[in-house]
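First the structure, in the form of structure tokens, and then the observations on it.
There are 2 protein chains.
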Amino acid sequence: MSTLGITVKKSEDFSEWYSQVLVKAGLVDLRYNVQGFVVHRPWLMRIIKAIYRLFEEELEKTGHEPVLFPLVIPEENFEKEKEHVEGFKPEVFWVTEAGDEKLERRLALRPTSETAFYYMYSYWIESYRDLPLKLYQSVSVYRNESNTRPLIRGREFLWIEAHDAFATHEEALRQVREDMENSGKIIWEKLGIPFLFLKRPPWDKFAGAEDTYAADTLMPDGRVLQISSTHDLGQRFAKAFNVTFLDRDGQRKFVWQTCYGPGIWRIAAALVAIHGDDKGLVLPFSVAPIQIVIIPIYYKEVDKAPILAKAREVAETLAQKGYRVRVDDREGYTPGWKFNDWELRGVPVRIEIGRREIENKVLTVFRRDTGERTVVAESDLLPTIERLEVDILENLKRRAKEFFESHIVEAKTREEVIKFIKSGNIVKMPFCGTEECAMDLKEKTDGGKVRGTEIDFQEGDYGKCAWCGRPARQVVYVAKSY
Amino acid sequence: MSTLGITVKKSEDFSEWYSQVLVKAGLVDLRYNVQGFVVHRPWLMRIIKAIYRLFEEELEKTGHEPVLFPLVIPEENFEKEKEHVEGFKPEVFWVTEAGDEKLERRLALRPTSETAFYYMYSYWIESYRDLPLKLYQSVSVYRNESNTRPLIRGREFLWIEAHDAFATHEEALRQVREDMENSGKIIWEKLGIPFLFLKRPPWDKFAGAEDTYAADTLMPDGRVLQISSTHDLGQRFAKAFNVTFLDRDGQRKFVWQTCYGPGIWRIAAALVAIHGDDKGLVLPFSVAPIQIVIIPIYYKEVDKAPILAKAREVAETLAQKGYRVRVDDREGYTPGWKFNDWELRGVPVRIEIGRREIENKVLTVFRRDTGERTVVAESDLLPTIERLEVDILENLKRRAKEFFESHIVEAKTREEVIKFIKSGNIVKMPFCGTEECAMDLKEKTDGGKVRGTEIDFQEGDYGKCAWCGRPARQVVYVAKSY
Numbered sequence: 021m022s023t024l025g026i027t028v029k030k031s032e033d034f035s036e037w038y039s040q041v042l043v044k045a046g047l048v049d050l051r052y053n054v055q056g057f058v059v060h061r062p063w064l065m066r067i068i069k070a071i072y073r074l075f076e077e078e079l080e081k082t083g084h085e086p087v088l089f090p091l092v093i094p095e096e097n098f099e100k101e102k103e104h105v106e107g108f109k110p111e112v113f114w115v116t117e118a119g120d121e122k123l124e125r126r127l128a129l130r131p132t133s134e135t136a137f138y139y140m141y142s143y144w145i146e147s148y149r150d151l152p153l154k155l156y157q158s159v160s161v162y163r164n165e166s167n168t169r170p171l172i173r174g175r176e177f178l179w180i181e182a183h184d185a186f187a188t189h190e191e192a193l194r195q196v197r198e199d200m201e202n203s204g205k206i207i208w209e210k211l212g213i214p215f216l217f218l219k220r221p222p223w224d225k226f227a228g229a230e231d232t233y234a235a236d237t238l239m240p241d242g243r244v245l246q247i248s249s250t251h252d253l254g255q256r257f258a259k260a261f262n263v264t265f266l267d268r269d270g271q272r273k274f275v276w277q278t279c280y281g282p283g284i285w286r287i288a289a290a291l292v293a294i295h296g297d298d299k300g301l302v303l304p305f306s307v308a309p310i311q312i313v314i315i316p317i318y319y320k321e322v323d324k325a326p327i328l329a330k331a332r333e334v335a336e337t338l339a340q341k342g343y344r345v346r347v348d349d350r351e352g353y354t355p356g357w358k359f360n361d362w363e364l365r366g367v368p369v370r371i372e373i374g375r376r377e378i379e380n381k382v383l384t385v386f387r388r389d390t391g392e393r394t395v396v397a398e399s400d401l402l403p404t405i406e407r408l409e410v411d412i413l414e415n416l417k418r419r420a421k422e423f424f425e426s427h428i429v430e431a432k433t434r435e436e437v438i439k440f441i442k443s444g445n446i447v448k449m450p451f452c453g454t455e456e457c458a459m460d461l462k463e464k465t466d467g468g469k470v471r472g473t474e475i476d477f478q479e480g481d482y483g484k485c486a487w488c489g490r491p492a493r494q495v496v497y498v499a500k501s502y
Numbered sequence: 021m022s023t024l025g026i027t028v029k030k031s032e033d034f035s036e037w038y039s040q041v042l043v044k045a046g047l048v049d050l051r052y053n054v055q056g057f058v059v060h061r062p063w064l065m066r067i068i069k070a071i072y073r074l075f076e077e078e079l080e081k082t083g084h085e086p087v088l089f090p091l092v093i094p095e096e097n098f099e100k101e102k103e104h105v106e107g108f109k110p111e112v113f114w115v116t117e118a119g120d121e122k123l124e125r126r127l128a129l130r131p132t133s134e135t136a137f138y139y140m141y142s143y144w145i146e147s148y149r150d151l152p153l154k155l156y157q158s159v160s161v162y163r164n165e166s167n168t169r170p171l172i173r174g175r176e177f178l179w180i181e182a183h184d185a186f187a188t189h190e191e192a193l194r195q196v197r198e199d200m201e202n203s204g205k206i207i208w209e210k211l212g213i214p215f216l217f218l219k220r221p222p223w224d225k226f227a228g229a230e231d232t233y234a235a236d237t238l239m240p241d242g243r244v245l246q247i248s249s250t251h252d253l254g255q256r257f258a259k260a261f262n263v264t265f266l267d268r269d270g271q272r273k274f275v276w277q278t279c280y281g282p283g284i285w286r287i288a289a290a291l292v293a294i295h296g297d298d299k300g301l302v303l304p305f306s307v308a309p310i311q312i313v314i315i316p317i318y319y320k321e322v323d324k325a326p327i328l329a330k331a332r333e334v335a336e337t338l339a340q341k342g343y344r345v346r347v348d349d350r351e352g353y354t355p356g357w358k359f360n361d362w363e364l365r366g367v368p369v370r371i372e373i374g375r376r377e378i379e380n381k382v383l384t385v386f387r388r389d390t391g392e393r394t395v396v397a398e399s400d401l402l403p404t405i406e407r408l409e410v411d412i413l414e415n416l417k418r419r420a421k422e423f424f425e426s427h428i429v430e431a432k433t434r435e436e437v438i439k440f441i442k443s444g445n446i447v448k449m450p451f452c453g454t455e456e457c458a459m460d461l462k463e464k465t466d467g468g469k470v471r472g473t474e475i476d477f478q479e480g481d482y483g484k485c486a487w488c489g490r491p492a493r494q495v496v497y498v499a500k501s502y
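If you read the sequences in order, they're chains A and B.
The working numbering applies: residue 21 is where the first sequence begins, and numbers increase by one.
The working numbering applies: residue 21 is where the second sequence begins, and numbers increase by one.
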């Protein structure tokens with residue numbers, strides 16, 4: 021871990037700031053010798069495990085069960101759904117050899133697991149009694165991406181994939197809404213990351229889906245990041261894999277399917293990027309590996325023992341209440357160095373204990389999000405921490421929401437679209453609905469992409485398309501993206 | 021899930037019994053179309069997640085931190101330690117293509133991750149202050165094994181690998197002991213699986229280790245199964261990857277390393293095989309996905325509502341105490357069918373609630389391990405469950421230990437060795453210590469293997485080798501193995 025802090029301001033050079041935070045806060049190491057593959061260090065793994073836990077608990081509450089499917093998918097499965105294979109094949113890694121021998125057929129490293137799951141769904145689903153079937157797995161997936169960026173785009177990245185099958189299309193569409201709510205309960209409520217949940221235009225769907233719905237957040241550099249998506253797969257895969265059920269009416273029917281993918285990696289990226297500040301990470305209690313760090317401060321050897329004893333006593337009190345606490349008693353580092361180190365890593369609350377604190381039976385409490393330092397009576401510590409847990413999350417949410425909402429700007433004209441996209445906004449605009457216009461817009465705005473409509477949106481007469489001037493049938497959100 | 025129970029007795033055809041339990045209890049599905057790759061179904065995944073949690077908590081208590089390293093290891097890393105590559109290369113899966121292109125160099129799917137971790141350790145370790153370094157990851161690994169067997173030997177299997185680095189060999193050897201204790205605390209104390217912790221003979225070491233220590237349990241068919249192992253790597257990998265540190269004395273030195281691998285898959289296999297009985301799985305509370313199942317029993321429609329209400333009330337009471345409870349209110353199945361179904365899956369406690377129970381304010385409580393049914397006053401339920409949680413584990417431990425210890429048999433002669441191995445025992449015998457003798461023994465006992473000595477064992481004069489009659493320098497354990 022570096023003793024150097026971040027050397028650029030987040031607002032001035034976000035890209036460099038992001039790279040520095042990832043490395044200096046001990047989240048990733050990029051020196052592993054396969055390009056696009058990242059080493060996840062302990063601080064990141066603890067955050068990621070906490071994010072996984074939040075999603076898994078919520079998925080289980082809504083009837084999903086955990087499974088684990090093989091990493092490898094035979095080429096023949098992979099090729100069963102035409103659009104799916106066309107979309108994914110260019111970036112698939114293939115296992116072709118074992119020991120000294122060539123395999124008889126190539127095996128894909130899962131880029132996503134529809135073609136593994138649904139191969140088995142044809143065995144598992146026989147009757148309406150087997151429905152709904154709601155399974156998920158928490159795994160890494162593999163895609164030979166270019167322009168990799170840690171936690172944003174990798175050749176190996178972490179996600180959850182939930183694969184659900186239903187008797188009717190209506191139930192599948194209700195699942196899309198449940199997935200949206202699941203994302204809202206965690207990504208917004210627990211992590212304070214705001215997002216728009218949009219129905220993607222037809223040319224930007226998941227390969228093999230009837231419709232794709234996705235959560236876009238806004239990164240500090242004005243580009244949107246898709247952090248979760250859910251797909252109405254219709255009956256396409258059901259037909260490709262012959263997944264049928266005997267319905268109550270005695271008829272054999274194809275199931276209706278959805279799949280949902282919270283992007284655990286990207287949610288971690290958004291957490292770093294959106295809440296972080298010039299000093300480094302800022303974490304909410306929900307996912308902070310250490311929620312409260314206690315720094316003993318003494319300058320004379322005689323003070324050391326009583327101050328350390330008090331620090332440990334306070335830590336014990338907090339740990340008994342379930343908080344993740346650490347006393348930083350490392351020798352050879354100044355309190356100031358320790359302050360910076362834990363601020364860089366985003367620990368939400370710091371407690372400082374020195375002679376003055378012990379003499380006055382108080383504790384100095386510092387909150388990372390605002391930088392405020394307050395002195396509280398020892399007897400007030402627990403209620404103070406409980407309040408801070410709530411306040412810090414509320415503050416992070418408020419700040420993130422302010423940034424997010426102030427960057428959603430309505431545009432009516434081509435000039436406004438160009439100007440607002442250039443200045444890093446999400447543009448809300450009337451739109452003709454054609455791919456041709458979207459592609460022209462993208463080219464002339466240096467990457468502005470039509471991200472889609474709100475999910476309950478009804479087509480209608482919305483005046484003129486802000487880009488091409490033809491009649492507008494939709495209102496869409498447009499932004500540069502990762 | 022099948023409605024059919026197990027059709028063979030465990031004591032009469034263990035192999036068939038094991039295969040049936042795995043499938044019928046809904047643990048695995050073997051129909052996935054890549055040989056040796058298994059689909060982990062929800063019941064198994066919940067058990068496995070619980071086993072992982074036990075190990076991770078214990079590892080973290082002893083200073084290990086979680087990381088996640090890439091799945092792929094470049095061929096050049098893999099080749100750095102000569103014995104290691106010779107040992108593993110014949111069974112490595114290779115990624116050679118991405119999309120339409122051939123990769124410039126082959127990438128191994130990790131068969132184990134020494135050569136990924138230690139590549140980075142050369143960056144992370146600079147001074148004695150960076151030591152000890154204790155990291156672990158919970159992942160699948162890949163080996164092109166033949167004779168695969170679900171949870172016992174797979175081409176993809178689940179484990180934990182902990183990789184530790186120290187300043188001295190003494191600390192590394194202490195770590196071996198800590199790893200043994202870690203295995204004991206969980207595999208024996210929490211899961212009730214007895215094992216011998218043995219120092220393997222030199223010809224049976226982990227490829228690249230100075231010494232290998234491993235936990236062997238005994239399966240019901242009289243073959244031992246290695247369920248966890250830890251390796252004194254000495255400085256071999258440190259030299260191969262140039263992992264050095266500046267010591268307090270100003271000298272640059274190579275680190276001393278250990279790696280520890282609890283075999284999560286195999287621990288699950290032992291759990292199934294050792295505690296299971298003719299009706300199926302028998303699970304201790306610690307890892308049971310459902311600890312208590314409540315079966316409402318009514319034959320008249322008028323009884324349904326009050327009985328279901330009582331079942332839910334009892335479930336709520338137990339859930340509030342932290343128990344994993346389910347009310348089985350599935351329609352269209354008889355109580356008897358439900359009894360069999362949950363017995364097959366190994367749920368430790370069943371509560372039956374019918375008219376009689378409600379009228380008498382009692383509950384009928386069934387424990388899976390003994391098949392005993394007792395009637396308890398409703399007000400006594402919580403203490404009864406608390407006692408059962410302890411009693412069931414104690415009973416499983418007692419039974420497993422009895423079986424295990426009664427199958428460790430001392431032999432002094434060749435005839436005894438042959439007879440005792442043939443009848444499915446672990447033979448304890450004086451041994452000359454030579455590989456030549458071990459190989460001869462293996463051939464003539466149809467697979468009996470010298471598993472090693474106890475870890476604190478001192479060489480000396482132990483009479484004559486029970487196999488070859490030459491002077492014995494050791495006392496070893498010998499058994500057929502998986």
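C-beta atoms are modelled at their ideal positions from N, C-alpha and C, and glycine is treated no differently.
- Listed along chain B are E111, V112, F113, W114, N164, each with a C-beta nearer than 8 Å to that of A118 of chain A.
- Across the structure, E198 of chain B and F477 of chain B are spaced so that their CA atoms are roughly 17 Å apart.
- For C457 of chain A, the uninterrupted alpha helix (DSSP H) segment begins and ends at 455 to 464.
- Around the beta-carbon of M140 of chain B, 16 or more other beta-carbon atoms lie within 10 Å, marking it buried.
- In this chain, the alpha helix (DSSP H) harbouring F359 of chain B covers 355 to 365.
- Among the residues of chain B, those whose CB is under 8 Å from the CB of N97 of chain A are N53, following chain order.
- Runs of the alpha helix (DSSP H) lying entirely within the region 375 to 430 of chain B, each at least 4 residues long, are 375 to 380, 401 to 426 in chain order.
- Within the model, the alpha-carbon separation for V43 of chain A versus M65 of chain A is close to 14 Å.
- Under the DSSP assignment, A118 of chain B falls in the beta strand (DSSP E) whose first and last residues are 113 to 118.
- By the criterion of at least three beta-carbon pairs nearer than 8 Å, the region 310 to 327 of chain B is in contact with the region 339 to 349 of chain B.
- Under the three-state reduction of DSSP output, Q55 of chain B falls in the coil class, being neither helix nor strand.
- Any Cβ of chain B closer than 7 Å to the Cβ of P90 of chain A would place that residue at the interface, and such an atom is present.
- The C-alpha of V385 of chain B is placed about 13 Å away from the C-alpha of I412 of chain B.
- In this structure I284 of chain B is not in contact with W208 of chain B, their Cβ atoms being roughly 16 Å apart against a cut-off of 8 Å.
- For F177 of chain B, not one C-beta of chain A is nearer than 7 Å to its own C-beta.
- If you keep only unbroken alpha helix (DSSP H) runs of at least 4 residues inside the region 96 to 182 of chain B, you get 102 to 108, 134 to 144.
- DSSP, read as helix, strand or coil, puts R434 of chain B in helix.
- Pairing L266 of chain A with S147 of chain A gives a Cβ-Cβ distance under 7 Å.
- Counting the other CB atoms within 10 Å of its CB gives S158 of chain B a total of 16 or more, which places it among the buried residues.
- Going by DSSP, K210 of chain A is part of no alpha helix (DSSP H) at all; its letter is neither H nor E.
- Contact annotation: the region 283 to 301 of chain A touches the region 231 to 239 of chain A, with at least three C-beta pairs closer than 8 Å.
- Its Cα nearest to that of A118 of chain A, the residue B:E176 stands out among B:L253, B:E101, B:E176, B:L245.
- At least 7 Å separates the beta-carbon of P403 of chain B from that of F305 of chain B.
- For Y353 of chain A, the closest Cβ of chain B is not nearer than 7 Å.
- Counting only the Cα atoms, N380 of chain B lies some 8 Å from A397 of chain B.
- Chain-order list of chain A residues neighbouring R66 of chain B: P86, by C-beta distance under 7 Å.
- Per DSSP, the unbroken beta strand (DSSP E) holding H251 of chain A starts and ends at 243 to 254.
- Scanning B:G489, B:A182, B:S443, B:R365 for the CA closest to the CA of F89 of chain B turns up B:A182.
- Considered as a whole, the region 36 to 90 of chain A harbours 62 to 81 as its complete alpha helix (DSSP H) runs of no fewer than 4 residues, in chain order.
- Taking CB atoms only, Y141 of chain A has no neighbour in chain B less than 7 Å away.
- Using a Cβ-Cβ cut-off of 8 Å, K69 of chain B is close to P86 of chain A, given in chain order.
- Chain order gives the chain A residues near S160 of chain B as L91, where near means a beta carbon separation below 7 Å.
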